[in-house]
Amino acid sequence: MNLTDKIIHRPRRLRTNPAIRRMVRENHLHPEDLILPLFIVPGENIKKPILSMPGVDQLSIDQAVMVAKEAQELGLGGIILFGIPAKKDGTGSDARSADGIVQRAIAEIKSALPELYIIADTCFCEYTDHGHCGPIKGSSVDNDATIELLGEAAVAQAKAGVDMVAPSGMMDGMVQAIRAGLDSAGYEELPILSYGVKYSSAYYGPFREAAENTPTFGDRRAYQMDSANRLEAIREAALDIDQGADIMMVKPGLAYMDILRDLKNHFDLPLAVYNVSGEYAMVKAAAMQGWIDEKGVVLETLTGFKRAGADLILTYHGLDAARWIR
Ligand code: PBG
Ligand code: ZN
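Structure representation (structure tokens):
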């Protein structure tokens, strides 16, 4: 008997041409899955390239409006804003002030583009003079003081017109404190995207140049998660969901796809993933050398996030990817 006679199942039958491959494709990437991060700086007419993130700039508000318009026209899900204030201090007051950099950006982008969904990062590390995610007590961040201030920051963002707040500081009780702050100010309907599964990571390197939030002493290991841990992610997510998180985020993305899948299997709320600065920088660096096909690598990576369980993907490739998949 011929060896090939025995092959009944031939998966290749469903791969023979683009039409059948398209019909049986399990996951699809859409522009609305993508959220574009923007870095906002004071001033006017500023578009300052971030050297370690080719193609990404620090933007003054007027310039951010232009990029946001592009994001809207390309059908992205929305944008997420990070602010770099003119003046930093011990507690990051700019993040809680009505005319703070991000509050002004939210208001101006909202008035120019009312339909565009605006998320704000809710943390203090870009706003504190020491670069940590909240006020310092002793040698580390004062958790309980920070969450109270986070409630105020979220309300300031809400008053400016933000559509969703996204606490990223990995403080215990942060979702609960923000929920309480928002509710008592009348923003019961404003959702919280929690970066509650955020690992301490070397992949944040380029972001620290972009957001100017490198700690002046120590690191974030006392509040961000240890990259070796998997079960802890389930515990962290459960706590935040319990406190009222509407969407959970895993961060970084590529080295943590197993975690994304774990959360997808355990919980039934929407998940987000942050395709972080270091992941972006590596792709750009190799692409600029001609060593990889940028479009191919980016679309494969983003589709991989969807396959792993992400509903939303925060990515600096947002505009390019949306153009490529249209
Ligand atoms: C800080 C924050 C970080 C990022 C988003 N918000 C990193 C940090 O801990 O410094 C990283 C995003 C990226 O690397 O693209 N709260
Ligand atoms: Zn922070």
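Under my numbering, the letters of the sequence shown match residues 50 to 375, in that order.
Ideal Cβ positions, reconstructed from N, Cα and C, are used throughout, including at glycine.
Quick check on DSSP: helix, strand or coil for residue i?
i: V299; result: strand
i: M213; result: strand
i: L108; result: strand
i: G187; result: coil
i: I341; result: coil
i: I241; result: strand
i: I138; result: The question names Ile, but residue 138 is Asp in the sequence shown. Strand at D138.
i: M219; result: coil
i: T177; result: strand
With distances taken from CA atoms, which of the options is nearest residue i?
i: G353; options: R153, A335, Q338 and A304; result: A304
i: V246; options: P264, I290 and A286; result: A286
i: L22; options: A215, M219, D221 and Y244; result: Residue 22 lies beyond the stretch modelled for the chain, which goes from 50 to 375, so this question has no answer here.
i: I283; options: T265, G267, Y248 and R269; result: Y248
i: K300; options: S189, G267, S276 and L368; result: S276
i: M220; options: G127, G200 and A234; result: G200
i: L242; options: V105, V211 and P67; result: V211
i: S142; options: L63, G126, H179 and P103; result: H179
i: E197; options: M213, G218 and V105; result: G218
i: I84; options: I158, Q152, P98 and A117; result: A117
i: F266; options: A209, A202, M337 and S189; result: S189
i: Q225; options: A144, A209 and N192; result: N192
i: L165; options: M213, F131 and M223; result: M213
i: F131; options: E122, Y365 and G124; result: Y365
i: A154; options: F88, I308 and S233; result: F88
i: P103; options: K136, G139 and M337; result: M337
i: K159; options: G124, K97, A334 and Q206; result: Q206
i: R279; options: I308, A271 and D291; result: I308
i: L63; options: R71, W340 and I57; result: R71
i: V151; options: K208, P319, L320 and A334; result: K208
Would you list the one or two residues that DSSP bridges to residue i?
i: N324; result: T364
i: G132; result: I89
i: L83; result: I362
i: K247; result: K300
i: P98; result: D106
i: L162; result: DSSP, once it has assigned bridges, lists no residue as partnering L162.
i: I167; result: I128
i: M413; result: Since the first residue of the chain shown is 50 and the last is 375, residue 413 is not available in this structure.
message = Would the stretch 286 to 298 count as touching the stretch 344 to 353 if we require 3 or more Cβ pairs under 8 Å?
response = no
ask   = Is the stretch 324 to 336 touching the stretch 240 to 259, taking contact as three or more C-beta pairs under 8 Å?
value = yes
query = Does the stretch 259 to 268 come close enough to the stretch 171 to 182 that 3 or more CB-CB pairs lie under 8 Å?
reply = yes
request  = Measuring from each Cβ to the nearest heavy atom of the ligand ZN, keep the ones under 7 Å and list them in chain order.
outcome  = C172, F173, C174, C182, S217, G218 and N262
Given 8 Å, three or more beta-carbon pairs between the stretch 80 to 95 and the stretch 103 to 117 = yes
ask   = Pairing CB atoms from the stretch 305 to 316 with CB atoms from the stretch 354 to 363, are three or more of them under 8 Å?
value = yes
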